[in-house]
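Below: the structure, in structure tokens.
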Amino acid sequence: MAISLARDALSICKARVVRDRGSMEYLEKWGLKGEIAPDPVLAMAPGFQGMGDGDLLLVNIRPWHGGLPDTTALAAVSVQERCGLEMIAVALSDEDESIMSDLRSRGVFSPSSIVRIGGIEEARSLWSRAKAAVGMRFHFCLISALAGIPCLAVPYDPKVRFFAEDWGLPVWEGKLPSSFPGIGLNRSRIEEASERLQEVFSRVLESLLAGE
73 MAISLARDAL SICKARVVRD RGSMEYLEKW GLKGEIAPDP VLAMAPGFQG MGDGDLLLVN
133 IRPWHGGLPD TTALAAVSVQ ERCGLEMIAV ALSDEDESIM SDLRSRGVFS PSSIVRIGGI
193 EEARSLWSRA KAAVGMRFHF CLISALAGIP CLAVPYDPKV RFFAEDWGLP VWEGKLPSSF
253 PGIGLNRSRI EEASERLQEV FSRVLESLLA GE
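Below, the structure written as structure tokens:
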């Protein structure tokens, strides 16, 4: 049902811009034209420069099936033991906060605090103090990449895996990569993606305004 609704909605759009190969494959399967552009959150990139020299391990866990939240928490513990960093749990939603509170109460992991991000300035302040990150949510991984923070992506959904593979982020595959945390994303990669985002959306907007 959800796929049918998405197809019907997209079929009446004059322009279609998606953020990963998986979404583009759906358009092609449905016989619809479109193109790929980075996530609009990249527009925040200038506000996350010069980070990655802190002493925090940021961890994001969201509800999911198959025991993945517990697995992610244990992966974070392994990173903490390897790096000796203070662990901060980062919630991007109320449900994140709830699941991480439950994991902490059960002793699965022990973050020193659980922070519910409420805005961009709070995010900048927190990521500026980070050294490494482990996360499930797409935008947590993206913000970590923008900040130059080495991030271990836990792919609960294909969009997270596509992003990690496209951007060269390490992916959790049942064990901690030996090279993690390593170094953060090269700044030139972020700049290239930001330019691509601006170019695509400017062209699409001009096309729509011209009535094409």
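For the sequence shown, our numbering begins at 73 and goes up steadily by one. Glycine included, C-beta positions come from ideal geometry on N, C-alpha and C. Since the structure is predicted, the reported quantities are computational estimates derived from the model, not experimental observations.
Just the Cα atoms here: how many angstroms apart are residue i and residue j?
i: V181; j: V149; result: Note that residue 181 is Phe in the sequence shown, not Val. F181 and V149: Cα-Cα distance of roughly 6 angstroms.
i: L175; j: A145; result: 8 angstroms
i: D142; j: R209; result: 15 angstroms
i: L241; j: C223; result: 6 angstroms
i: L297; j: S83; result: The structure shown has nothing for residue 297, since the chain only spans 73 to 284.
i: K101; j: A78; result: 13 angstroms
i: Q121; j: L280; result: 33 angstroms
i: L130; j: A195; result: 11 angstroms
i: L140; j: P230; result: 14 angstroms
i: W239; j: E263; result: 12 angstroms
i: G283; j: D166; result: 41 angstroms
i: M172; j: Q270; result: 36 angstroms
i: G138; j: V226; result: 13 angstroms
i: R233; j: V243; result: 7 angstroms
i: A219; j: K203; result: 10 angstroms
i: R154; j: G106; result: 43 angstroms
i: E158; j: L164; result: 19 angstroms
i: F235; j: G94; result: 10 angstroms
i: V187; j: P112; result: 24 angstroms
Since I believe residue j is in contact with residue i (beta carbons under 8 angstroms), could you give me their beta-carbon distance rounded to a whole number of angstroms?
i: I75; j: D92; result: Contact flag wrong, Cβ pair sits at about 16 angstroms.
i: I221; j: G124; result: 5 angstroms
i: G207; j: S216; result: 7 angstroms
i: V162; j: L198; result: 7 angstroms
By the 10 Å Cβ neighbour count, where 16 or more other Cβ atoms means buried, how is residue i classified, buried or exposed?
i: G254; result: exposed
i: I192; result: exposed
i: C213; result: buried
i: K86; result: exposed
i: I247; result: Checking the sequence, you will find Lys at residue 247 rather than Ile. It counts as exposed.
i: L277; result: exposed
i: Q152; result: buried
i: R134; result: buried
i: P127; result: In the sequence under discussion, the amino acid at residue 127 is Asp, which differs from the Pro named in the question. Counting Cβ neighbours within 10 Å, D127 comes out exposed, since fewer than 16 surround it.
i: A81; result: exposed
i: G256; result: buried
Using DSSP bridges, identify the partner residues of residue i.
i: C18; result: Residue coverage of the chain in this structure runs from 73 to 284, which leaves residue 18 outside it and unanswerable.
i: M159; result: L129
i: E100; result: In DSSP, E100 forms no bridge with anything.
i: E107; result: V89
i: S185; result: I160
i: V44; result: This structure cannot speak to residue 44, because the chain is shown only from 73 to 284.
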